[in-house]
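Colleague: According to our numbering, the residues represented by the sequence shown are 41 to 474, in order.
Take this structure, written in structure tokens, and hold onto it; I'll ask about it next.
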Amino acid sequence: MPVGIGLCGLGTVGRGTVEVLGRNAETLSQRCSYGLEIVQVGSRSPRPEVDLGTIPFTQDIFAVAANPAVDILVELIGGVEPARELILTAIANGKQVVTANKALIASCGDELFAAAKARGVTLAYEAAVAGGIPIIKALREGLSANRIRWLAGIINGTSNFILSEMRDKGREFADVLVEAQMLGYAEADPSLDVDGTDAAHKLVILAALAFGMPLRLDAVHVEGIRDIQPDDVRYAGELGYRIKHLGIARRNANGIELRVHPTLVPERSLMAQVHGALNAVMVRGDAVGATLYCGPGAGAEPTASAVIADILDIARRLGGGGRDAIPALGVERSGEIPPVLDIADAESAHYLRVSALDRPGVLSQLAQILSARGISIEAIIQKEPAPGQDHVPLILLTNRTRESEVRAAIAAIEELDSVAGAVVHLRKEALNDV
Ligand SMILES: NC(=O)c1ccc[n+]([C@@H]2O[C@H](COP(=O)([O-])OP(=O)(O)OC[C@H]3O[C@@H](n4cnc5c(N)ncnc54)[C@H](OP(=O)(O)O)[C@@H]3O)[C@@H](O)[C@H]2O)c1
């Protein structure tokens with residue numbers, strides 16, 4: 041008997057999953073001895089926009105979770121409720137579960153994994169992070185010998201597309217956002233993407249896997265890309281950097297940094313070459329060194345590729361009678377769980393843009409404020425004043441420093457009579473340290 045799949049949600053990813061399962065049926069059946077069969081599909085709209093052939097369709101997704109012919113329930117409806125209830129019901133009914141739902145895993149994953157473990161079933165989630173890139177399998181299997189030092193990822197394609205366009209064409213954020221919406225890269229409400237929430241969802245899943253810690257969505261420092269100015273993109277370029285929106289999880293001596301924000305990365309680094317809507321995740325393990333995983337982070341078939349890989353993994357085990365080849369995230373913890381650090385305790389290098397009066401002595405005032413806090417300056421650019429202006433932009437790159445010291449320095453700089461307005465502050469990551 042083939043392994044029975046019950047698929048809930050026939051949107052972008054659901055339709056892609058039906059298409060690829062149909063198109064590659066023969067190859068997939070060679071890869072798992074019992075074969076795969078979609079035995080029921082559930083979704084809200086009465087007329088599915090994909091040819092289901094003879095596959096039974098229902099608008100009641102809970103009927104799929106109760107169907108005795110369903111071995112694996114695939115949740116592709118998105119959002120927290122009723123997806124959470126659907127998955128808990130499927131688990132209670134002894135179904136294996138596959139999901140692409142990062143918002144759900146990031147916010148309720150600990151509860152869901154505990155329920156799956158108690159019932160002896162698997163909850164697999166490869167598609168929840170970075171779409172088609174098999175980063176979950178890389179962390180869970182390929183890198184499992186390593187102590188992970190840090191990982192950093194471009195994990196939101198919309199933000200990367202907007203920053204790439206701003207850099208390549210010198211365009212404003214708002215202008216590129218409208219184009220991203222027209223091209224279908226950004227939703228009508230783009231806030232989840234451009235304000236960093238979607239990247240935060242993915243980062244906590246990666247961090248939980250890398251560091252064996254609980255899913256701490258509440259502890260992530262999140263900044264989006266709305267305030268990035270074309271001037272800062274240009275100045276970063278003059279200094280040899282590109283601005284990328286990164287999710288960073290790093291183990292330092294005192295705890296774990298979890299942060300999502302625009303970041304300067306060296307323009308020759310691999311991460312700087314990741315353009316448009318692509319995603320990439322760099323993982324630094326103590327044994328393997330730095331590794332980079334890059335590819336499409338969204339879209340119907342790339343995401344279906346990850347969903348089906350999870351289905352196959354589970355189907356192989358069901359066929360072989362094995363259990364738990366896919367360990368549950370966050371429930372197999374041992375030893376002390378290090379604290380998640382406040383952003384004030386995070387360490388990075390910094391980019392500061394100061395609007396300063398064009399007169400002698402200002403630079404030395406800035407240097408004194410920074411050096412009093414142990415911050416050294418790695419590079420400076422000073423621009424000519426624009427016609428009719430008495431303030432000039434002064435751009436400073438600092439060494440790696442605690443965030444709290446830089447914030448204190450910025451507050452002191454903003455107090456100076458010779459400085460106008462707020463200091464623009466971005467972090468800079470070399471991505472080559474251990
Ligand atoms: N799109 C991507 O590229 C991508 C990439 C990675 C991960 N994901 C994740 O994959 C999941 C699905 O994303 P998507 O882009 O395919 O979403 P989508 O296009 O909005 O599709 C969602 C589907 O689920 C149905 N649905 C929603 N709520 C339902 C309910 N209460 N009962 C029954 N059916 C319901 C919708 O029906 P209606 O058509 O009637 O609304 C629609 O068919 C999300 O968790 C998303 O975060 C998506």
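C-beta atoms are modelled at their ideal positions from N, C-alpha and C, and glycine is treated no differently.
To the nearest angstrom, report how far apart Ala259 and His301 are at their CA atoms.
Modeller: About 14 Å.
Colleague: Quick one: residues in its chain with C-beta nearer than 6 Å to the C-beta of Asp238, no 5 flanking neighbours on either side, listed in chain order?
Modeller: Hits under 6 Å: Asn196, Leu232.
Colleague: Residues around ligand 1, please: the condition is that the C-beta lies closer than 6 Å to some non-hydrogen atom of it.
Modeller: In chain order, the qualifying residues are Gly49, Leu50, Gly51, Thr52, Val53, Gly54, Ser83, Arg84, Ser85, Ile101, Leu116, Ile117, Gly118, Pro122, Ala140, Asn141, Lys142, Ala167, Gly171, Ala338, Gly339, Thr343.
Colleague: Excluding the five sequence neighbours on either side, which residues of its own chain have a C-beta within less than 6 Å of the C-beta of Asp100, listed in chain order?
Modeller: Excluding sequence neighbours, Asp100 sits near nothing in its chain.
Colleague: Helix, strand or coil, according to DSSP, for Leu393 in the structure here?
Modeller: In the sequence as presented, Leu is not what sits at residue 393; that position holds Arg. Three-state result, Arg393: strand.
Colleague: Would you tell me roughly how many angstroms separate the C-alpha atoms of Ala338 and Gly171, rounded to the nearest one?
Modeller: If you take the alpha carbons of Ala338 and Gly171, they lie about 5 Å apart.
Colleague: In the DSSP assignment, find the unbroken beta strand (DSSP E) run with Cys48 in it and report its ends.
Modeller: Its beta strand (DSSP E) spans residues 43-48.
Colleague: Between which two residues does the beta strand (DSSP E) harbouring Thr331 extend?
Modeller: Counting along the chain, the beta strand (DSSP E) containing Thr331 begins and ends at 329-336.
Colleague: To which residues does DSSP link Leu76 through a beta bridge?
Modeller: Paired residues: Val43.
Colleague: Alpha carbons only, please: which of Glu166, Ser204, Thr57 is nearest the one belonging to Asp91?
Modeller: The shortest Cα separation from Asp91 among Glu166, Ser204, Thr57 belongs to Thr57.
Colleague: Go ahead and pull the three-state DSSP assignment for Asn319.
Modeller: Strand.
Colleague: Could you give the residue range of the alpha helix (DSSP H) that holds Lys242?
Modeller: Its alpha helix (DSSP H) spans residues 237-251.
Colleague: Would you report the Cα separation of Gly119 and Ala146, rounded to the nearest angstrom?
Modeller: Cα to Cα, the separation comes out at about 11 Å.
Colleague: In angstroms, rounded to a whole number, what distance separates the CA positions of Leu47 and Glu115?
Modeller: Taking the straight line from one Cα to the other gives about 6 Å.
Colleague: Sort Arg87, Arg124, Lys209, Thr98 by Cα distance to Ile78 and report the nearest one.
Modeller: That would be Thr98, whose Cα lies nearest to the Cα of Ile78.
Colleague: Can you list, in chain order, the stretches of the beta strand (DSSP E) that have 3 or more residues and sit fully within the region 405-461?
Modeller: Segments of the beta strand (DSSP E) lying fully in the region 405-461: 417-422, 431-438.
Colleague: Could you name the residues that DSSP lists as bridge partners for Pro254?
Modeller: In DSSP, Pro254 forms no bridge with anything.
Colleague: In whole angstroms, what separates the C-alpha of Leu304 from that of Glu469?
Modeller: When rounded, the distance between both Cα atoms is 6 Å.
Colleague: Start and end of the beta strand (DSSP E) containing Gly287?
Modeller: Its beta strand (DSSP E) spans residues 281-292.
Colleague: Take Leu508 as the anchor and find which of Ala344, Arg159, Gly359, Asp271 has the nearest alpha-carbon.
Modeller: An answer regarding residue 508 cannot be provided, because it is not within the stretch 41 to 474 covered by the chain.
Colleague: DSSP three-state call for Glu387: helix, strand or coil?
Modeller: Note: Glu387 maps to strand in three-state DSSP.
Colleague: Helix, strand or coil for Gly197, going by three-state DSSP, please let me know.
Modeller: Helix at Gly197.
Colleague: Tell me the rounded alpha-carbon separation between Glu125 and Ile131.
Modeller: If you take the alpha carbons of Glu125 and Ile131, they lie about 10 Å apart.
Colleague: CB Asn319 to CB Ile194, shorter than 8 Å?
Modeller: In this structure, Ile194 lies closer than 8 Å to Asn319 by Cβ.
Colleague: Under 7 Å Cβ to Cβ from Glu454, same chain only, skipping five residues before and after it: list those, please.
Modeller: The answer, listed in chain order, is Ala462, Val463.
Colleague: Among Ala344, Arg207, Thr331, which residue has its Cα nearest to the Cα of Ala167?
Modeller: Closest by alpha carbon: Ala344.
Colleague: Between the C-alpha atoms of Ile409 and Val446, what's the straight-line distance to the nearest angstrom?
Modeller: One C-alpha to the other measures close to 10 Å.
Colleague: Quick check: the Cα distance between Ala346 and Cys72, rounded to an integer number of angstroms?
Modeller: Ala346 and Cys72: Cα-Cα distance of roughly 16 Å.
Colleague: Rounded to whole angstroms, what's the CA-CA distance from Asp215 to Gln136? Just pull it up for me.
Modeller: Cα to Cα, the separation comes out at about 44 Å.
Colleague: Please name the residue or residues paired with Ala164 in a DSSP beta bridge.
Modeller: Paired residues: Val138.
Colleague: I need the DSSP call for Leu310, collapsed to helix, strand or coil.
Modeller: Correct three-state label for Leu310: helix.
Colleague: Among all the DSSP beta bridges, which residues are the ones paired with Val262?
Modeller: Answer is Val300.
Colleague: Could you tell me the alpha carbon to alpha carbon distance between Leu456 and Arg308, rounded to whole angstroms?
Modeller: Each residue's alpha carbon lies about 36 Å from the other.
Colleague: Could you check whether Ile383 and Arg440 sit closer than 8 Å to each other, using their CB atoms as the reference points?
Modeller: No. Outside cutoff.
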